[in-house]
């Protein structure tokens, strides 16, 4: 009983930690290895995606269980941003507004560049 309770508590803590906070410090990260888009925007998009999306789409964002991969979707940044901001009837598990505004644009730009 005690082991099951501890497992549930630690599992919940892990899940909540994966959901992320609102730490904007990751936006200052600069990676010059990316060729597409503004380097700072791309770095911020990657950091936000990894912070907000890994709990459902996995650490490598290639999907897990019934959630699809976010890498190599063939969608352009505008399509991805629309799904991020408005959700999708084809993806009932994708809530609308999880990421908003400039953050949604940065994530969409980064994801569109992933092959």
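In the working numbering, the protein residues as written are 2 to 116. Idealized CB from N, CA, C, for every residue including glycine. Fair warning: this is a prediction, and the values are worked out from it, not measured in the lab.
Once you ignore the five residues that flank residue i on each side, which residues in its own chain have a CB closer than 8 Å to its CB?
i           : result
residue 50  : 62, 71, 108, 111 and 112
residue 92  : 69 and 84
residue 100 : 49, 53, 85, 86 and 108
residue 117 : With the chain running from 2 to 116 in the structure shown, residue 117 is simply not present.
Span of the alpha helix (DSSP H) holding residue i?
i           : result
residue 74  : Careful: residue 74 lies outside any alpha helix (DSSP H) and carries neither H nor E.
residue 112 : 102-114
Rounded to the nearest angstrom, how far is the Cβ of residue i from that of residue j, given a contact under 8 Å?
i           : j          : result
residue 86  : residue 97 : 7 Å
residue 102 : residue 95 : Actually they do not touch by this definition, with Cβ atoms about 17 Å apart.
Return the bridge partner residues of residue i from the DSSP annotation.
i          : result
residue 65 : 68
residue 56 : Its beta-bridge partners do not exist; DSSP assigns none.
residue 92 : 89
Let me know if residue i comes out buried or exposed under the rule of 16 or more other beta-carbons within 10 Å of its beta-carbon.
i           : result
residue 104 : buried
residue 53  : buried
By Cβ distance, which residues of its chain are closer than 6 Å to residue i, with the 5 residues on each side in sequence left out?
i          : result
residue 57 : 68
residue 46 : 107, 108, 110 and 111
residue 73 : 116
Once the 5 residues before and after residue i are set aside, which same chain residues still bring their CB inside 7 Å of it?
i          : result
residue 78 : 109, 110 and 113
residue 76 : 113
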